[in-house]
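Note that the working numbering has the sequence shown beginning at 27, numbered continuously upward. Where a beta carbon is used, it is the ideal one built from N, C-alpha and C, also for glycine. A quick note: this is a predicted structure, and the numbers were derived from the prediction, not measured. Single-structure report; data block below.
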Amino acid sequence: MPLSLPISRRALKHSRAIQIDAYARDDGLWDIDAHISDIKTRDTLLASGVRPAGAALHDLWLRVTINTQFTIVAAEAASDAVPYPGYCDTIAPAYKQLIGLNLIKGFRHALHASLGGMLGCTHLTELALVLPTAAIQAFAGDVFDPHQAANTTGHGQKPFQLDRCHALRSDGAAVAKYYPRWTVAQAVKSEPS
Numbered sequence: 027m028p029l030s031l032p033i034s035r036r037a038l039k040h041s042r043a044i045q046i047d048a049y050a051r052d053d054g055l056w057d058i059d060a061h062i063s064d065i066k067t068r069d070t071l072l073a074s075g076v077r078p079a080g081a082a083l084h085d086l087w088l089r090v091t092i093n094t095q096f097t098i099v100a101a102e103a104a105s106d107a108v109p110y111p112g113y114c115d116t117i118a119p120a121y122k123q124l125i126g127l128n129l130i131k132g133f134r135h136a137l138h139a140s141l142g143g144m145l146g147c148t149h150l151t152e153l154a155l156v157l158p159t160a161a162i163q164a165f166a167g168d169v170f171d172p173h174q175a176a177n178t179t180g181h182g183q184k185p186f187q188l189d190r191c192h193a194l195r196s197d198g199a200a201v202a203k204y205y206p207r208w209t210v211a212q213a214v215k216s217e218p219s
């Protein structure tokens, strides 16, 4: 179901686009390429000069190379368009600090500790925040089988995606329907007397 129709006439003023592409490499690693752009529909006066309508205010790239355990083994950033040329575009080397972090084990906390605020670029760090779920989606069906334990017999590990969102709660209806082996009884809250 799409969003409701606007209740008033609107004029587009700004567009932000985020694109994430995941590539399986021949060496068994994965590249996750992330791109963010900000574009205004009108000429914009910046402290560094006028940015013409349709020209990117931000055009930033981030690539992390990960292994199949979600650990970052290489990282690079690039800034093709920034509001303060010669300043914003000097932070790219700092994103090598992502190397060694694991996208699904404390990543967001470690990201903010090493590259949050003045330690990094607000937009590149924000872009990095979407990497964990993008990597999980990329791996589904290739690195791990999201349905490996849906049956009710046999042994196996609990499916990775369970208990990571409201729909796939172990005590919820979707898990009962699609992953009955992993259903747990919903806790009954007792009323105070």
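Asked: On the premise that residue 211 lies in contact with residue 200, defined as a C-beta separation below 8 Å, what is that separation, rounded to the nearest angstrom?; Found: No, residue 200 and residue 211 are not in contact; Cβ-Cβ is about 15 Å, not under 8 Å.
Asked: With C-beta atoms as the reference, is residue 82 less than 7 Å away from residue 105?; Found: no
Asked: Look at the Cβ atom of residue 96, then the Cβ atom of residue 161, and state whether they are nearer than 7 Å.; Found: yes
Asked: Alpha carbons only, please: which of 118, 70, 74, 110 is nearest the one belonging to residue 80?; Found: 70
Asked: Residue 146: buried (16+ other C-beta within 10 angstroms of its C-beta) or exposed?; Found: buried
Asked: Whole angstroms is fine: what's the gap from residue 108's alpha carbon to residue 60's?; Found: 16 Å
Asked: Can at least three beta-carbon pairs, one atom from the segment 150-164 and one from the segment 36-56, be found at a separation below 8 Å?; Found: yes
Asked: Please classify residue 122: does DSSP put it in a helix, a strand, or coil?; Found: helix
Asked: Please classify residue 140: does DSSP put it in a helix, a strand, or coil?; Found: helix
Asked: Nearest to residue 88 by alpha carbon, out of 73, 117, 170, 112?; Found: 117
Asked: What number of angstroms, rounded off, separates the C-alpha of residue 29 from the C-alpha of residue 40?; Found: 19 Å
Asked: Taking DSSP's pairing of strands, which residues face residue 1 in a bridge?; Found: A query on residue 1 cannot be resolved here, the shown segment of the chain reaching from 27 to 219 and no further.
Asked: Kindly list the residues whose CB is nearer than 8 Å to the CB of residue 122, restricted to its own chain and excluding five residues on each side of it in sequence; keep chain order.; Found: 101, 102
Asked: Going by CA-CA distance only, name the one from 58, 152, 86, 111 that's closest to residue 77.; Found: 111
Asked: Which two residues bound the contiguous beta strand (DSSP E) that contains residue 162?; Found: From DSSP, residue 162 is part of no beta strand (DSSP E) but of the alpha helix (DSSP H) over 157-165.
Asked: Enumerate in chain order the residues of its own chain whose CB-to-CB distance from residue 152 is below 8 Å, with the five nearest sequence positions on each side excluded.; Found: 62
Asked: Look at the Cβ atom of residue 90, then the Cβ atom of residue 58, and state whether they are nearer than 7 Å.; Found: yes
Asked: Please name the residue in 207, 158, 203 whose C-alpha comes closest to that of residue 190.; Found: 158
Asked: When we look at the beta-carbon of residue 65 and count the other beta-carbons within 10 Å, is it buried (16 or more) or exposed?; Found: buried
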